[in-house]
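Participant: Chains as they are written, first to last, in our numbering: chain A, 2 to 272; chain B, 266 to 537.
Glycine included, every Cβ here is placed at the ideal spot set by N, Cα and C.
Quick caveat, the model's predicted, so the values are computed rather than measured.
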Amino acid sequence: MSPVKTSSGVETGLTALAVSLRGVTKVYDNGVMALGPLDLAVRKGEFISLLGPSGCGKSTALRIIAELSAPSSGIVRVARHEGNVQPGHGIGFVFQEPTLMPWTSVRENVRLPLKLAGTPKAEARARADEALASVGLADFADAFPRELSGGMKMRVSLARALVTDPDILLMDEPFAALDEITRFRLNNDLLALWRALGKTVIFVTHSVFESVYLSQRVVVMTARPGRIQADIRIETVEPRAEEFRTSAAYSDYCRRVSAALAPSYSGQSTL
Amino acid sequence: MNAQATVAAKPSGTQRALRFVLPVIVFAAGLLAWELVVRIKDIPPYVLPAPSVIFLTLIKDWVVLSQSLATTLLTTLEGFAAASIGGIALALLFNQSKWVEYSLFPYAIVLQVTPVIAIAPLLLIYLEQQTAVVVCAFIVAFFPVLSNTTLGLNSVDRNLAGLFQLYGASPPQTLRFLKLPAALPYILGGLRIAGGLSLIGAVVAEIAAGTAGAGSGLAYRIAESGYRLNIPRMFAALLLLSLAGIVIYGVLALVSHLVLRRWHESALGKES
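(1) Closest to Gly131 (chain A) by CA distance: which of A:Met153, A:Lys116, A:Leu215, A:Arg161 is it?
(2) Under 7 Å Cβ-Cβ, which residues of chain B neighbour Arg147 (chain A)?
(3) Does the Cβ-Cβ distance between Tyr514 (chain B) and Gly466 (chain B) come in under 8 Å?
(4) Answer with buried or exposed for Gln230 (chain A), where buried requires no fewer than 16 other C-beta atoms within 10 angstroms of its C-beta.
(5) Consult DSSP for Arg78 (chain A) and reduce its assignment to one of helix, strand or coil.
(6) Please list, in chain order, the residues of the stretch 396-429 of chain B that have any C-beta partner in chain A closer than 8 Å.
(7) Count the CB pairs spanning the stretch 390-401 of chain B and the stretch 429-449 of chain B that are closer than 8 Å, and state whether there are at least three.
(8) Look at the alpha carbon of Gly89 (chain A) and the alpha carbon of Leu138 (chain A), and state the distance between them as a whole number of angstroms.
(9) Where Leu339 (chain B) and Ser333 (chain B) are concerned, what is the direct C-alpha to C-alpha distance, given to the nearest angstrom?
(10) Since Ser216 (chain A) and Phe48 (chain A) are thought to touch, with beta carbons under 8 Å apart, how far apart are those beta carbons, to the nearest angstrom?
(11) Cβ closer than 8 Å: which chain A residues qualify as neighbours of Phe446 (chain B)?
(12) Compare the C-alpha of Lys444 (chain B) against each of A:Met102, A:Pro72, A:Ile235, A:Val77 and name the closest.
(13) Counting contacts by CB-CB distance shorter than 8 Å, is Ile66 (chain A) in contact with chain B?
(14) Alpha carbon to alpha carbon, how far is Arg64 (chain A) from Leu171 (chain A)?
(15) How would you list, in chain order, the residues of chain B whose beta-carbon sits under 9 Å from the beta-carbon of Ile169 (chain A)?
(16) List, in chain order, every chain B residue whose beta-carbon is nearer than 7 Å to that of Pro114 (chain A).
(17) Answer yes or no: do Ser265 (chain A) and Gly53 (chain A) have a C-beta to C-beta separation smaller than 8 Å?
(18) Do we get a CB-CB distance below 8 Å when we pair Phe94 (chain A) with the residues of chain B?
(19) Please report the residue range of the beta strand (DSSP E) in which Arg218 (chain A) lies.
(20) Which class does Lys45 (chain A) belong to by DSSP, given the choice of helix, strand or coil?
(21) Could you check what DSSP says for Asn521 (chain B) in three-state terms: helix, strand or coil?
(22) Report the residue from B:Glu300, B:Leu323, B:Gly278 whose alpha carbon sits nearest the alpha carbon of Leu508 (chain B).
(23) If we count Cβ pairs, one from each stretch, closer than 8 Å, do we get three or more for the stretch 345-357 of chain B versus the stretch 412-428 of chain B?
(24) By Cβ distance below 6 Å, which residues in the same chain neighbour Gln377 (chain B) in space, the five residues on each side in sequence not counted?
(25) Does the stretch 522-530 of chain B come close enough to the stretch 341-348 of chain B that 3 or more CB-CB pairs lie under 8 Å?
(26) Could you round the C-beta distance between Thr61 (chain A) and Lys116 (chain A) to whole angstroms and report it? I think they count as a contact, below 8 Å.
(27) Could you check what DSSP says for Gln394 (chain B) in three-state terms: helix, strand or coil?
(28) Under a Cβ-count criterion, where at least 16 other Cβ atoms within 10 Å of its own Cβ denotes burial, should Glu236 (chain A) be classed as buried or exposed?
(29) Going along chain A, which residues have a C-beta under 9 Å from Gln438 (chain B)?
(30) Under a Cβ-count criterion, where at least 16 other Cβ atoms within 10 Å of its own Cβ denotes burial, should Tyr214 (chain A) be classed as buried or exposed?
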């Protein structure tokens, strides 16, 4: 069953939505119900986190939004620019691993989405260099991925997701494998980019602290099949900075989110 | 980075020298022992020729042997080219369609497991001798190319494949920018095996063709010299075959290293 997609919503107010999922489910071929039914609405320019235990289907939800996976039922709407019919151009995806092509340079990796879309080489190179500069890697365009640290590889991956200037950025536990200091720095850089570029970000994570620090809304999911357990708005003085991490408000939110998450882990043996 | 590399290169430099020098010493010692045994025991050359006699024969018969070497090398090269192109093309075809793979793969295995020495006489009946020899080299050498390329094409990172899908890559784009580069280390590994095997295939076919044909490859020289009890020439031809095999392997290993040195683990130094 193919999801229905329209750029103009039927109901008023829907046009302000970047992504809307209604009754979306995913059943694997082996009959396991992985997701849903899930209802989720994400406003344009919003930064939301999907938080939940491993295997709750949050990555699956992301893949469904990106059309990498088809939902078993339900309706998926993803807003796109008028005339922006090039597949994938409205969406940037950052995977859990950097997912770079090891056989070519950083610049070529970042240029890939443009190359696949047939953008002229000179323009694509310029835009790739621009995207690399935006993540602070302008000097590493000619390096090969293996010459970079884990954090730098993730930055390249982010630059590649940004190079098409997408409206929506989907991030699937992008910083999970990094050390804490690198993760904190990338968190701050991501927030700065989000404020500068105004993209809609859907960020999948299993870290309570990361989700509260980054997002305007934390959507807590249940264990498989993933449904929404709680939808918690994080309100604080913007722009957020390192001070927020140590504030009382931050620990309050973390406590609330953890409490909302606790039932998702009940019934599971301690892992 | 460069500074680190030179620091790390020092101990590995002596080790590299040892890896080169030690086999040479063993080789020289072996030759010396061989020469001494033949001279002390006064063994006649038609039983066991001394290394010096073999070397002299190599020079004396160079005109005949070099022609035979050229013939065998040409056959090997043709068989190798056919195996490379055929193996990669077939693997690409299998990758495009499961139906084709299921239909043809068992026969590829049958060809591989049937000893080529048993097929060669049949091929010589139906094909011209030179063609038959090349086909033999092809049969022996194409399977490692096919199976390695298939493995490589199936080893594409799942997330990278998803990325190409997300950005709407066409099948030719996916093949050119994703599958072939990802499979390249495997393909090169297959080619390295195929190089040696195509030489074996060529030799087997030449021996099967025997004296019946007009061909005059190195294997034919070995068989012919055997009938004439010209043992030194047998050894000289064997030496050339061995050297040809080493050179083929060395060239393919070098090509593989040059192509992969910037990114693949197999071609990277230990220090990085």
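Facilitator: Answer, in terms of the structure:
(1) In the first sequence, the residue the question calls residue 131 (chain A) occupies position 130. For clarity, residue 131 (chain A) is Glu in the given sequence; the question names Gly instead. For the residues A:Met153, A:Lys116, A:Leu215, A:Arg161, the minimum Cα distance to Glu131 (chain A) belongs to A:Arg161.
(2) Against the first sequence, residue 147 (chain A) aligns to sequence position 146. Neighbours of Arg147 (chain A) on chain B, chain order: Trp528.
(3) Indexing the second sequence from 1 puts residue 514 (chain B) at position 249. Indexing the second sequence from 1 puts residue 466 (chain B) at position 201. Not closer than 8 Å, so no.
(4) As a position in the first sequence, residue 230 (chain A) is number 229, starting the count at 1. Per the 10 Å Cβ criterion, buried.
(5) Within the first sequence, numbered from 1, the residue matching residue 78 (chain A) stands at position 77. Arg78 (chain A): strand per DSSP, three-state reduction.
(6) Asp422, Asn424, Leu425, Gly427, Leu428, Phe429
(7) no
(8) In the first sequence, counting from the first residue as 1, residue 89 (chain A) sits at position 88. In the first sequence, counting from the first residue as 1, residue 138 (chain A) sits at position 137. Legend: pLDDT at Gly89 (chain A) = 49, less than 50; position of this residue unreliable, no value from coordinates given.
(9) Residue numbering aside, residue 339 (chain B) sits at position 74 when the second sequence is read from its first letter. Residue numbering aside, residue 333 (chain B) sits at position 68 when the second sequence is read from its first letter. Approximately 10 Å, taken between the alpha carbons.
(10) Here residue 216 (chain A) corresponds to residue number 215 of the first sequence, with the count starting at 1. Here residue 48 (chain A) corresponds to residue number 47 of the first sequence, with the count starting at 1. That pair is a contact at about 5 Å.
(11) For the purposes of this step, residue 446 (chain B) is taken as residue 181 along the second sequence, with counting starting at 1. It is worth fixing the name first, because residue 446 (chain B) is Pro in this sequence and not Phe. Result: Met102, Trp104, Thr105.
(12) As a position in the second sequence, residue 444 (chain B) is number 179, starting the count at 1. Nearest C-alpha to Lys444 (chain B): A:Met102.
(13) Mapped onto the first sequence, residue 66 (chain A) falls at position 65. By this cut-off, Ile66 (chain A) is not an interface position.
(14) Here the question's residue 64 (chain A) lines up with position 63 in the first sequence. Here the question's residue 171 (chain A) lines up with position 170 in the first sequence. Between Arg64 (chain A) and Leu171 (chain A), the C-alpha separation is close to 9 Å.
(15) To locate residue 169 (chain A), count along the first sequence from 1; it is residue 168. By Cβ distance, chain B contributes nothing, its closest Cβ being about 12 Å from Ile169 (chain A), past 9 Å.
(16) The residue labelled residue 114 (chain A) in the question sits at position 113 within the first sequence. Ordered by position in chain B, the residues that pass the 7 Å Cβ test against Pro114 (chain A) are Tyr432.
(17) Residue 265 (chain A) sits at position 264 when you count from the first residue of the first sequence. Residue 53 (chain A) sits at position 52 when you count from the first residue of the first sequence. It is a contact, given that the beta carbons lie within the stated cut-off.
(18) As a first step, residue 94 (chain A) is located in the first sequence; it is residue number 93 there, counting from the start. It does: the Cβ of Phe94 (chain A) has a partner Cβ on chain B nearer than 8 Å.
(19) For the purposes of this step, residue 218 (chain A) is identified with residue 217 of the first sequence, where counting begins at 1. Taken as a continuous stretch (DSSP letters only), the beta strand (DSSP E) holding Arg218 (chain A) covers 218-222.
(20) For this step, residue 45 (chain A) is matched to residue 44 along the first sequence. Coil at Lys45 (chain A), not helix or strand.
(21) Numbered from its first residue, the second sequence carries residue 521 (chain B) at position 256. At residue 521 (chain B) the sequence reads Ser, which differs from the Asn that was named. Three-state result, Ser521 (chain B): helix.
(22) Indexing the second sequence from 1 puts residue 508 (chain B) at position 243. Closest by alpha carbon: B:Leu323.
(23) yes
(24) Translated into positions along the second sequence, residue 377 (chain B) becomes position 112. So the list reads Phe408, once near-sequence residues are dropped.
(25) no
(26) Your numbering for residue 61 (chain A) matches position 60 in the first sequence. Your numbering for residue 116 (chain A) matches position 115 in the first sequence. Actually they are not in contact, since the Cβ atoms of Thr61 (chain A) and Lys116 (chain A) sit about 29 Å apart, beyond 8 Å.
(27) As a first step, residue 394 (chain B) is located in the second sequence; it is residue number 129 there, counting from the start. Residue state, collapsed to three classes: helix.
(28) Within the first sequence, residue 236 (chain A) is the residue found at index 235, counting from 1. The residue is exposed, with fewer than 16 neighbouring Cβ atoms inside 10 Å.
(29) Mapped onto the second sequence, residue 438 (chain B) falls at position 173. Near Gln438 (chain B) (Cβ distances below 9 Å), the residues of chain A are Lys116, Leu117.
(30) Here residue 214 (chain A) refers to the residue found at position 213 of the first sequence. Result: buried.
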